[in-house]
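Q: Position 37 of the sequence shown, counting from 1, maps to 258 under the working numbering, and the rest follow consecutively.
We put the beta carbon where it would ideally sit given N, CA and C, even for glycine.
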Amino acid sequence: RCVDHLVAREMWHLSANQVLRAYESGIWPAWRKRLAEDKKKAASEQHARALIRLGATGIEKTPVAVFYPDAAAGYLRTVWNRSKDKSAIVPRLRAFDWAPWSPSERKRVFGSVHSAYKVWSAALARRARKKGAKVDPKLLRQIPLIGKALDQAITLRSPKLDKAPNPLCRAVAAAAIASRGGRDTKAYVAAAREAYKHVAEYDVRKIPCGRQVMTFLLDTEHRRAKRSIDFLCEVLGDQLARYGSGSSNTRVDEVIDLVMTNRYDRLIRSRNREVMKKINPVFAKAMSAQLRKGRLPPKIFNWFRTTRSGQYWKEHDWGRDVMATIIAKRMLHKTPYRPLVGVRSATASYMLLIRREFPKLQSKYPVGTYFD
222 RCVDHLVARE
232 MWHLSANQVL
242 RAYESGIWPA
252 WRKRLAEDKK
262 KAASEQHARA
272 LIRLGATGIE
282 KTPVAVFYPD
292 AAAGYLRTVW
302 NRSKDKSAIV
312 PRLRAFDWAP
322 WSPSERKRVF
332 GSVHSAYKVW
342 SAALARRARK
352 KGAKVDPKLL
362 RQIPLIGKAL
372 DQAITLRSPK
382 LDKAPNPLCR
392 AVAAAAIASR
402 GGRDTKAYVA
412 AAREAYKHVA
422 EYDVRKIPCG
432 RQVMTFLLDT
442 EHRRAKRSID
452 FLCEVLGDQL
462 ARYGSGSSNT
472 RVDEVIDLVM
482 TNRYDRLIRS
492 RNREVMKKIN
502 PVFAKAMSAQ
512 LRKGRLPPKI
522 FNWFRTTRSG
532 QYWKEHDWGR
542 DVMATIIAKR
552 MLHKTPYRPL
562 VGVRSATASY
572 MLLIRREFPK
582 LQSKYPVGTY
592 FD
């Protein structure tokens, strides 16, 4: 039950390399501590069964297999070591046909089991050759069956995505393949869009490794590839539209960080001006939606302002209507938030924002007279 709870309710915020650690360093020690001394000797069997359960539900069928192949290797070793019927390893090997592993990763994942298989099969063969030895023919028939399955698993060059256990795993695997070396941007974006559908609310739906999938889609290894700014804007816009719809905005804040904070300086360089031409309207639209609800989210407003200017460039026309609405609705008078450091007055904030960032609003809101 503890393992099932981990997969169903807690894995959404864990990275792939934290899943086994959560069990081995947290759940299992706590469980073993509760056992009576006379039962602790038999606990290793429970430990193995729990690991196999975790592997079958939390590794085979989740993006853990994509992001942390070593977890699959440990799971397969446990299956091999604890199975009286060694042929039980065959379906477990085939369960990873969809995994987008490189040849070296496949050797690493299946190598340990392959080495154990060679020792086991050689020992069986020696016993069978001894005069008068009795070896179950069923065991001897398993040798070529398991050997063939291992060879196929190790030498597989093209992942069989149609065998993925669910649409999320299939999409993440496809995105991982397309992102390598930036070879196929269109394929990456298509797969990423499909994967995003499943993790848009990963914290609410408790999608296993959902946070890591979102991070991968927006920011991690595939940054070498030519990402589509349109895809980034789609995700950013969709997440901003969900701001304030739940009990927490942590996920939305993290997406903003992935798209903006981790990628651009606060003083955006002129070479990114054209990119900001696409990103700023996304923040402007989100701000308009929030203002209609009577809210002024500081983080969204700050990035809205930041994406209007930068190093040696300014776009004073962008988003003027947003600032005009803030002034008309006296939004800064309804919140302790102040957008300018050292300025405590809401009125002074309006005036300075017009002077510094929205000078074309001077005709509608003259700083010298309007705020008297």
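Looking only at DSSP bridge pairs, what is residue 534 linked to?
A: According to DSSP, which records beta bridges pairwise, residue 534 is partnered with 531.
Q: Is the beta carbon of residue 340 less than 8 Å from the beta carbon of residue 301?
A: No, they are not a contact pair.
Q: Less than 8 Å between the beta carbons of residue 425 and residue 467, yes or no?
A: Contact: yes.
Q: Apart from the five residues just before and just after residue 575, which ones in its own chain have a Cβ nearer than 7 Å to its Cβ?
A: Taken in chain order, the residues that qualify are 582, 583, 586 and 588.
Q: On the DSSP letters alone, give me the boundaries of the alpha helix (DSSP H) that residue 296 sits inside.
A: Note, residue 296: alpha helix (DSSP H), 290–303.
Q: Grab the span of the alpha helix (DSSP H) containing residue 226 for me, first residue to last.
A: Where residue 226 is concerned, the enclosing alpha helix (DSSP H) stretches over 223–226.
Q: Can you tell me whether DSSP reads residue 364 as helix, strand or coil?
A: DSSP places residue 364 in helix when its eight states are reduced to three.
Q: Does the separation of the CB atoms of residue 522 and residue 560 fall below 8 Å?
A: Going by C-beta atoms, residue 522 is nearer than 8 Å to residue 560.
Q: Residue 401 to residue 395, Cα distance in whole Å?
A: Spanning the two alpha carbons is a distance of roughly 10 Å.
Q: Check whether the Cβ atoms of residue 490 and residue 532 sit closer than 8 Å, and answer yes or no.
A: Yes; because the gap between Cβ atoms is below 8 Å, this pair is in contact.
Q: Quick one: using the 10 Å Cβ neighbour count with 16 as the cut-off for buried, is residue 281 buried or exposed?
A: Per the 10 Å Cβ criterion, buried.
Q: Just confirm the distance between the C-beta atoms of residue 392 and residue 416, as a whole number of angstroms; I'd bet it's less than 8 Å.
A: Going by Cβ atoms, the distance from residue 392 to residue 416 rounds to 4 Å, so yes, they are a contact pair.
Q: From the DSSP output, read off the bridge partner residues of residue 489.
A: According to DSSP, which records beta bridges pairwise, residue 489 is partnered with 531.
Q: Start and end of the alpha helix (DSSP H) containing residue 241?
A: Unbroken alpha helix (DSSP H) run through residue 241: 237–243.
Q: What's the gap between the Cα of residue 318 and the Cα of residue 224?
A: One C-alpha to the other measures close to 24 Å.
Q: Cα-Cα, which of 355, 456, 478 and 535 is closest to residue 495?
A: Minimum Cα distance to residue 495 is reached at 535.
Q: Using C-beta distances below 8 Å, list every residue in its chain close to residue 288, excluding the 5 sequence neighbours before and after it, in chain order.
A: Excluding positions up to five away in sequence, the list reads 236, 237, 238, 430, 433 and 437.
Q: Determine the burial state of residue 419: buried for a count of at least 16 other Cβ atoms within 10 Å of its Cβ, exposed for fewer.
A: Result: buried.
Q: Hey, quick one: how far does the alpha helix (DSSP H) through residue 418 stretch, first residue to last?
A: Its alpha helix (DSSP H) spans residues 406–420.
Q: On a CA-only basis, which of 524, 570, 234 and 310 is nearest residue 508? Give me that one, please.
A: Looking at the Cα atoms, 524 is the closest of the given residues.
Q: Leaving out five residues before and five after residue 553 in sequence, what residues of the same chain have Cβ atoms less than 6 Å from its Cβ?
A: Excluding sequence neighbours, residue 553 sits near 567 and 570.
Q: Can you have a look at residue 389 and say buried or exposed, based on whether 16 or more other CB atoms are within 10 angstroms of its CB?
A: Its Cβ being crowded by 16 or more others within 10 Å, residue 389 is buried.
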